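At position 340 of the sequence shown (counting the first as 1) the number is 344 in the working numbering, and the numbers step up by one without a gap.
Since the structure comes first, as structure tokens, the remarks are kept for the end.
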Amino acid sequence: MGSGCPPDAGGPATFGQLLRAHRKQRGLSLAQLAARVHFNRGHVSKIETDKRPPSVSFAEACDRALNVGSTFTTIASALKAAARQQQGWVQPAQLPATKHNFVGRRDCLNRLDSRLQGHDQSLAVPVAVINGPPGVGKTALAVQWAHQAVNDGHFADGQLFVNLEGPEPGTAVAPFDVLEDLLRAVGVPPERIPADLGQRAATFRSYLHGREVLLVLDNAANAQQIYHLLPGSPGCAVVVTSRSRLPGLLSQVDAVTLPLTELCRPEAAMLIRAIIGDVRADADPAALAALAERCGHLPLALVLAAEHIVSHQHRSADALATELRTEHARLNLAEGDVVLRNAFDTSYNALDEQSARMFRLLGVIPGQLIDAAVTAATADVSQDEAVRLLRNLASAHLIQRQDERHYLMHDLLRAYAADLSRQLDGEPGRTKAMRHAADLVSALNSSVVPSLVA
Ligand SMILES: Nc1ncnc2c1ncn2[C@@H]1O[C@H](COP(=O)(O)OP(=O)(O)O)[C@@H](O)[C@H]1O
Ligand SMILES: [Mg+2]
């Protein structure tokens, strides 16, 4: 132990006694030690007299102030583990496995690190919301980061993972039921789980108090689903993923938002390579890039395409890229029971009727940039109404906001919208809308669009 040896060998038996012995040996008063560890004198006194248990952060401060290695931290951690067992705390480890082929997202991982690992002294529970369109990699990012954080020694009291099953109407799980699962997961006996939502939430907060627990709320439908599940004490942290912007959340919770978009070109190619292997990837790098392009660099599409290649031994990246030249083939990209268009269905099915109609219409309006004026004229609604509906679609991450009146749409989602329009809107109406929109777009192109795009 070096300088960490108790000064009076065989003497001090408790954390408090050992602390006092080290303090006296260095000739420090209680007030001087309190100043060194940045805790108040009363707190240090209570710990020295074993009237209050030491927290691990207090023990770390003592180790630093008295230069005794990890003497106090080791004891405080052991005391904490023993207390945990006494209270019936079951340390949950619910994170799903991460994949070895996770690529990119360095910025997002860094932002999550700085937001959630409790470097600041704030008393608020840090919350991060990852949002973006279906299949963009929200869950993968949350799980990857969580594993890294645990591996670095954070959230030692446990990790909880809940699939909230949003956003389709009728599928989202009620917080009342989620809390029951969470309380059971941390060891609360069924007979001690209250029958009232507020009390369940309060019991959950009580159990988490003073612990370092990570809570991952995957696939949230709305902000209301989340409020009751939030821990109250700052050692905990929460990561939420959602296809929606979760309107209303930021007014209640101090959360950071990470909007995810598709991977960049090199990362998209890297992801395919990681799945199909270097030999196949090196055989035709140009085909790899073309395939990634056809998948719109969307992780889910990339994974489906790459797995398709692996499971069909004879299929080359080039052959699959050729096969995927039609929108129909791209949307029906499937492997096992996962079909790309089904991932989009859940977001589309959650829309109200007017927003759904507007979404389908966007599939027939030509051009990259969605303009509120053109959309309003084509849909035969006021500009204000068009802006409202476009905002709804952006909130569901089916389009991306460029500025107040302009939006962008992912190629695969545009193909999906066009396909839905073919199925659900009468052909004459569709053709008329397409012509009308084409006229408006070309009129607009000759005047304002270049400056907007620039
Ligand atoms: N950065 C990444 N690296 C490797 N695979 C990824 C990455 N992001 C997503 N994936 C994979 O893409 C698929 C879709 O990702 P997922 O996280 O389920 O999307 P979302 O939660 O946004 O709907 C999954 O198979 C996932 O493992
Ligand atoms: Mg997900």
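In this text, a Cβ means the ideal position worked out from N, Cα and C, and glycines have one as well.
This one's a predicted model, so the numbers in the text were calculated from it and none came from an experiment.
Rounded to the nearest whole angstrom, the C-alpha separation of arginine 319 and proline 198 is 56 angstroms. Taking non-hydrogen atoms of ligand 2 into account, the C-beta of asparagine 226 is found less than 7 angstroms away from none of them.
Under the three-state reduction of DSSP, glutamate 331 is assigned to helix. In the structure shown, the three-state DSSP call for leucine 397 is helix. The closest heavy atom of ligand 2 lies less than 7 angstroms from the beta carbon of aspartate 222.
Beyond the five residues adjoining it in sequence on each side, alanine 291 comes within less than 6 angstroms, by CB distance, of Ala321, Asp322 and Ala325 in the same chain, given in chain order. Closest by C-alpha distance to histidine 42, out of Arg24, Ala69, Pro16 and Arg27, is Ala69. For threonine 350, the Cβ stays outside the 7 angstroms cut-off from all heavy atoms of ligand 2.
Shortest Cα-Cα distance from glycine 371 to any of Ala419, Ala354 and Leu328 involves Ala419. Annotated as proximal: histidine 414 and glutamate 266, with beta-carbon spacing under 8 angstroms. Straight across, the Cα-Cα distance linking leucine 275 with proline 303 is about 8 angstroms. Assignment of phenylalanine 106 by DSSP, reduced to helix, strand and coil, places it in the coil class.
Collapsing the DSSP output to three states places threonine 379 in a helix. Between ligand 1 and the CB of proline 138, the shortest heavy atom gap is smaller than 7 angstroms.
Residues of the same chain with a CB within less than 6 angstroms of the CB of threonine 379, apart from the 5 flanking positions on each side, are Ala390 in chain order. Annotation: arginine 345 is outside any beta strand (DSSP E); the continuous alpha helix (DSSP H) that includes it extends over 344 to 353. Looking only at Ala82, Lys103 and Leu113, the smallest Cα-Cα distance to aspartate 161 is reached by Ala82. For glutamine 148, the number of other beta carbons within 10 angstroms of its own is at least 16, and it is reported as buried.
Taking 8 angstroms as the cut-off, the Cβ atoms of isoleucine 134 and threonine 245 count as close. Of the candidates Ile374, Leu365 and Tyr411, Leu365 places its Cα closest to the Cα of aspartate 384. Burial check for serine 386: the Cβ neighbour count within 10 Å stays below 16, so the residue is exposed.
One alpha carbon belongs to leucine 145, the other to glutamine 36, and they sit about 46 angstroms apart.
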